[in-house]
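Working notes for the structure below.
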């Protein structure tokens with residue numbers, strides 16, 4: 530009987546949240562000024578630890594790409610921060626000093642398809658280009 534109670538308790542609790550690591554880099558195989566990985570699919574409650582691998586980067590939410598009721602965040606330059614993602618939707622993340630160079634990433638929280646990510650038309654050209662490539666790769670499963 531105790532075994533069945535234990536199993537019932539395990540099934541009643543949601544899976545533990547995961548912590549993912551994202552490196553802020555000057556360069557990788559996709560180009561310069563990048564987050565690695567630049568796309569993640571999370572469940573509500575999962576966290577990302579942004580690792581400062583070079584002293585000129587930070588991670589900050591993009592107000593133009595933040596789900597309703599989601600809390601914005603902004604790490605300091607060369608600061609490793611850990612952020613919890615609770616609200617379903619798409620989060621745009623940027624490195625403030627290298628934003629216009631296209632240093633962005635996309636975080637998907639929840640079950641919606643990558644094709645439903647809305648990229649605002651008034652973002653800098655390099656940001657639109659990189660986010661479009663990220664969404665295209667996410668839809669095909671290539672390079673994620």
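In the working numbering, the protein residues as written are 530 to 673.
Glycine is no exception: its CB is placed at the ideal position from the N, C-alpha and C atoms.
The structure presented is a predicted model; accordingly, all values stated were derived computationally and were not measured.
If residue i and residue j are in contact, beta carbons under 8 Å, what's the gap, nearest whole angstrom?
| i | j | result |
| --- | --- | --- |
| residue 613 | residue 578 | Residue 613 to residue 578, Cβ: 11 Å. No contact. |
| residue 633 | residue 659 | 6 Å |
Would you tell me roughly how many angstroms separate the C-alpha atoms of residue i and residue j, rounded to the nearest one?
| i | j | result |
| --- | --- | --- |
| residue 625 | residue 546 | 28 Å |
| residue 569 | residue 548 | 11 Å |
| residue 638 | residue 603 | 19 Å |
| residue 641 | residue 584 | 35 Å |
| residue 649 | residue 561 | 22 Å |
| residue 646 | residue 670 | 15 Å |
| residue 665 | residue 644 | 8 Å |
With DSSP as the reference, identify every bridge partner of residue i, one or two as the case may be.
| i | result |
| --- | --- |
| residue 634 | 622 |
| residue 576 | 548 and 613 |
| residue 563 | 554 |
Only counting the same chain, and skipping five residues up and downstream in sequence, which positions put a Cβ closer than 6 Å to that of residue i?
| i | result |
| --- | --- |
| residue 591 | 621 and 623 |
| residue 616 | 596, 598 and 599 |
| residue 586 | 553 and 624 |
| residue 563 | 554 and 557 |
Tell me where the alpha helix (DSSP H) around residue i begins and ends.
| i | result |
| --- | --- |
| residue 606 | Residue 606 -> no alpha helix (DSSP H), and no H or E assigned at all. |
| residue 550 | Element bounds for residue 550: not the alpha helix (DSSP H) but the beta strand (DSSP E), 548-557. |
| residue 597 | It is not in any alpha helix (DSSP H) - residue 597 carries neither H nor E in the DSSP assignment. |
| residue 669 | 654-669 |
Output needed for residue i: all residues of its chain with C-beta closer than 7 Å, excluding positions within five of it in sequence on either side, in chain order.
| i | result |
| --- | --- |
| residue 550 | 578 and 580 |
Is it the case that the CB of residue i approaches a heavy atom of the ligand SAH more closely than 7 Å?
| i | result |
| --- | --- |
| residue 661 | Inclusion of the ligand SAH in the displayed structure is not the case, the ligand content being empty and no account of it being possible. |
With residue i as the anchor, note down where its beta strand (DSSP E) starts and where it stops.
| i | result |
| --- | --- |
| residue 571 | 568-571 |
Leaving out the 5 sequence neighbours to the left and right, which residues in its chain are closer than 8 Å to residue i when beta-carbon positions are compared?
| i | result |
| --- | --- |
| residue 567 | 559, 633, 634, 635, 659 and 663 |
| residue 572 | 544, 546, 547, 638 and 639 |
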